[in-house]
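*Asks:* Using this note's numbering, the first residue of the sequence shown is number 61, and each one after it goes up by one. Backbone N, C-alpha and C define an ideal beta-carbon position, used for all residues, glycine too. Just so you know, these numbers come straight off a predicted model, no measurement behind them.
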Amino acid sequence: MGSPKHVILVPFPAQGHVLPGVYLARKLAAQGLSVTIINIDSIHENLTRTWKHIEHQDIRLESIPMRLKAPKGFGAENLNDATAFMDAIYDLEEALAALLEITKLSHPVSCVISDFYHLSAPLAAARAGIPSVCFWSGAAAWASIHYSHSSLAAAGLCPVEGKTLRSLLELTPFLADSDTSKLVSNLPGLKPFRAEYLPSYYRKEFYEKSGGGKYFSLSLRRVEIDSCILANSIYELEPQVFDAMQQVVPGKFVSVGPLFPLKGGGASEMEASLRPESRESLEWLDNQAPNSVLYVSFGSVASLTRAEMEELTQGLEASQKQFLMVASRDLAPEVNESFFREFGERLSRSGAGMVVSWVPQLAVLQHGSVGGFLTHCGWNSTLESMSNGVPMLGWPCHSDQNTNCKFILEDQEIGMELRDKTRTGISMAIRSLMASEEMRSRASHIERVAREAASENGSSYKNLHAFIHSLK
């Protein structure tokens with residue numbers, strides 16, 4: 061027998077992209093493939109400190125230097141100059157191509173799988189003469205929108221004009237006015253929707269400051285390079301979109317999600333975090349009643365103002381529902397440490413909840429005491445929540461989050477958007493979410509759909525195994 065097939069995986073340097081990349085690597089290695097994960101140097105150094113080796117899985121960690129250091133990945137601070145970060149990624153092409161050339165000499169490489177946002181990886185793979193595969197780390201609905209860029213531009217919706225409560229760089233979801241109230245139609249597999257649900261990078265303020273036009277054209281060039289697009293979503297969740305995408309990228313766009321281990325599958329042994337995690341949060345959850353706790357997290361990139369944080373914390377307490385909240389100065393830079401300390405002390409006295417800086421999120425969402433999730437609607441959080449039957453209250457902040465909130469939470473009836481962000485509106489919405497048996501029942505149905513898709517002979521299982529077979 062020859063040596064195992066070798067795949068190189070290149071994640072985009074952000075917590076929400078590195079983690080699903082690791083889950084994909086675990087799935088491939090479990091089927092006998094050798095996998096090398098290449099991260100930028102600062103993330104590599106951070107990841108190696110928490111890396112969990114699993115027996116009989118051949119996964120190696122490598123790194124390339126990037127001029128910008130981001131040990132915790134792309135964060136809210138990078139949104140102020142997203143162009144600089146994307147330029148730094150794009151400039152990795154030569155170094156990455158050189159590493160690929162060296163790697164394939166010692167261990168031939170079947171393909172390079174890279175995150176859709178990692179624009180230098182497919183170019184480096186082409187220079188090294190290695191097939192390129194795209195890892196689409198979001199919903200199929202988002203892919204339908206993104207790959208329809210030329211149609212949106214022709215309709216005058218790229219970029220989109222419209223005002224915001226405050227700058228998008230401060231991450232407030234935009235109001236429906238002028239262009240944002242226009243109807244977007246004729247996108248593959250999607251029903252007509254208002255332009256306010258387009259990803260936030262379509263907004264003029266962000267589009268122009270982040271070099272949107274340049275990176276749109278570069279990202280769309282991937283279609284010509286990539287032999288396959290592995291989408292971290294579920295066919296049965298978005299069947300019309302997956303079917304329609306076959307006309308956009310014939311034979312290339314396939315579902316392989318969810319990639320993380322489902323309930324009972326050892327989530328805590330497989331997570332890879334770029335931030336220290338609080339395990340005491342799981343111990344606290346052990347002492348709470350089933351479906352009684354609201355989990356609150358805005359991921360690793362969002363940012364709230366002091367006023368928003370004050371309304372949120374007071375709304376949480378006023379809801380009279382137990383909650384576990386992930387919060388730190390990373391989430392609210394305008395808030396000093398004493399705010400969080402006093403908030404935590406108040407919760408300790410009242411027993412109303414717990415606030416921590418970071419948690420093993422998948423383990424939290426799989427815990428039986430968690431009955432709802434107040435989320436920014438990032439794709440990882442959305443997919444993890446619905447795959448564990450947890451209904452959601454959406455507070456989208458940027459990127460594809462408003463798209464996810466519309467097409468997944470609301471259209472799938474497993475959650476609702478939080479429109480009124482006053483303390484009264486927040487407390488009322490929390491009580492409504494936690495009391496809704498309809499949304500809980502619908503979320504449980506989606507959980508079964510996700511489990512079936514990832515199980516043997518399920519749609520995602522078969523697609524991933526067909527991909528692996530094509531390499532072998």
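Which of the three DSSP states is assigned to M476 in this structure?
*Replies:* Three-state result, M476: strand.
*Asks:* Where DSSP assigns a beta bridge to W196, which residues make up the other side?
*Replies:* In DSSP, W196 forms a bridge with A291.
*Asks:* For a test of the three-state rule: what should DSSP assign to R389, helix, strand or coil?
*Replies:* It is coil, neither helix nor strand.
*Asks:* Only counting the same chain, and skipping five residues up and downstream in sequence, which positions put a Cβ closer than 7 Å to that of F538?
*Replies:* Outside the displayed span of the chain (61 to 532) sits residue 538, for which this structure offers no information.
*Asks:* Let's see if you can read the secondary structure: which residues bound the beta strand (DSSP E) around I486?
*Replies:* I486 -> not in any beta strand (DSSP E); alpha helix (DSSP H) instead, spanning 483-495.
*Asks:* What is the C-beta distance between I26 and L69, in whole angstroms, given that I count them as a contact (C-beta under 8 Å)?
*Replies:* A question about residue 26 goes unanswered here, because the residues of the chain that appear run from 61 up to 532.
*Asks:* Look at the Cβ atom of S260, then the Cβ atom of H206, and state whether they are nearer than 9 Å.
*Replies:* No, the Cβ-Cβ distance between S260 and H206 is not below 9 Å.
*Asks:* Which class does Q99 belong to by DSSP, given the choice of helix, strand or coil?
*Replies:* Correcting the residue type first, residue 99 is Asn in the shown sequence and not Gln. Residue state, collapsed to three classes: strand.
*Asks:* Could you name the residues that DSSP lists as bridge partners for T171?
*Replies:* One detail in the question is off: residue 171 reads as Cys in this sequence, not Thr. The partner list for C171 (beta bridge, DSSP) reads V67.
*Asks:* When DSSP labels each residue in this structure, what does G76 get in the three-state scheme?
*Replies:* It is helical.
*Asks:* Run through DSSP, which three-state label would F527 get?
*Replies:* F527: helix per DSSP, three-state reduction.
*Asks:* Would you kindly report the start and end of the unbroken alpha helix (DSSP H) that includes A145?
*Replies:* Contrary to the premise, residue 145 reads as Phe rather than Ala in this sequence. From DSSP, the alpha helix (DSSP H) with F145 extends over 142-150.
*Asks:* Going along the chain, which unbroken runs of the beta strand (DSSP E) with 3 or more residues stay wholly within the region 369-417?
*Replies:* As far as the region 369-417 is concerned, its whole beta strand (DSSP E) runs of at least 3 residues are 382-386, 413-416.
*Asks:* Cα-Cα, which of A142, F400, H525 is closest to V361?
*Replies:* Per the Cα distances, A142.
*Asks:* Return the CA-CA distance between P404 and R511, expressed in angstroms with no decimal places.
*Replies:* For clarity, residue 404 is Gly in the given sequence; the question names Pro instead. So the two alpha carbons sit approximately 36 Å from each other.
*Asks:* For D151 and S504, I'd like the C-alpha separation in whole angstroms.
*Replies:* Distance between the alpha carbons of D151 and S504 is about 44 Å.
*Asks:* Report buried or exposed for R389, applying the criterion of at least 16 other Cβ atoms within 10 angstroms of its Cβ.
*Replies:* Burial call: exposed.
*Asks:* Using the Cβ count rule (16 or more neighbours within 10 Å means buried), how would you classify Q380?
*Replies:* Under this definition Q380 is an exposed residue.
*Asks:* Which residue's Cα is closest to the Cα of P125: H104, H116, G449?
*Replies:* For the residues H104, H116, G449, the minimum Cα distance to P125 belongs to H104.
*Asks:* Please report the residue range of the beta strand (DSSP E) in which T463 lies.
*Replies:* No beta strand (DSSP E) holds T463; the alpha helix (DSSP H) holding it covers 461-464.
*Asks:* With a CB to CB cut of under 8 Å and the five nearest residues on each side skipped, what residues in its chain are close to D286?
*Replies:* Excluding sequence neighbours, D286 sits near P182, S192, V193, C194, K312.
*Asks:* DSSP state of F358, grouped into three classes?
*Replies:* Of the three classes helix, strand and coil, the one that applies to F358 here is coil, per DSSP.
*Asks:* Going by Cα to Cα distance, which pick from R86, I100, S123, G135 is closest to H113?
*Replies:* For the residues R86, I100, S123, G135, the minimum Cα distance to H113 belongs to R86.
*Asks:* Find the nearest neighbour of I97 within the set W111, A89, G76, I119, judged by alpha-carbon distance.
*Replies:* If we check each option's Cα against that of I97, I119 comes out closest.
*Asks:* Report yes or no: do the region 416-425 and the region 473-484 share at least 3 C-beta pairs separated by less than 8 Å?
*Replies:* Because the criterion of three Cβ pairs below 8 Å is not met, the region 416-425 and the region 473-484 do not touch.
*Asks:* Count the other C-beta atoms from every protein chain shown that fall within 10 angstroms of the C-beta of F234, then say buried if there are 16 or more, exposed otherwise.
*Replies:* Since pLDDT at F234 reaches only 36, below the 50 mark, its modelled position is unreliable, and the value read off the structure follows with that caveat. That one is buried.
*Asks:* Could you say which of D147, S441, S492, S410 lies nearest to Y275 if we only look at CA atoms?
*Replies:* The shortest Cα separation from Y275 among D147, S441, S492, S410 belongs to D147.
*Asks:* Could you give the distance in angstroms between the alpha-carbon of G135 and the alpha-carbon of S408?
*Replies:* Roughly 30 Å separates the two Cα atoms.
*Asks:* Helix, strand or coil for I162? Go by DSSP, reduced to three states.
*Replies:* Here I162 sits in helix by DSSP.
*Asks:* Hey, could you find the ends of the alpha helix (DSSP H) T435 is sitting in?
*Replies:* Run containing T435: none in the alpha helix (DSSP H); it sits in the beta strand (DSSP E), 430-435.
*Asks:* Sort A144, Q421, F433 by Cα distance to E337 and report the nearest one.
*Replies:* The candidate whose alpha carbon is nearest that of E337 is Q421.
*Asks:* Please classify E498: does DSSP put it in a helix, a strand, or coil?
*Replies:* Helix.
*Asks:* Could you check whether the region 440-448 touches the region 361-374, counting it as contact only if at least three pairs of C-beta atoms, one from each stretch, sit closer than 8 Å?
*Replies:* These segments do not touch.
*Asks:* Excluding the 5 residues flanking H436 on each side, which residues of the same chain have their C-beta closer than 7 Å to its C-beta?
*Replies:* Once the five neighbours on either side are set aside, the close Cβ partners of H436 are F358, G359, A362, W455, P456, C457, Q461.
*Asks:* Can you tell which of H178, T163, S204, W196 has the C-alpha that lies nearest to the C-alpha of A188?
*Replies:* Nearest of H178, T163, S204, W196 to A188, Cα basis: T163.
*Asks:* For the beta strand (DSSP E) containing V314, name the first residue and the last one.
*Replies:* Element bounds for V314: 313-315.
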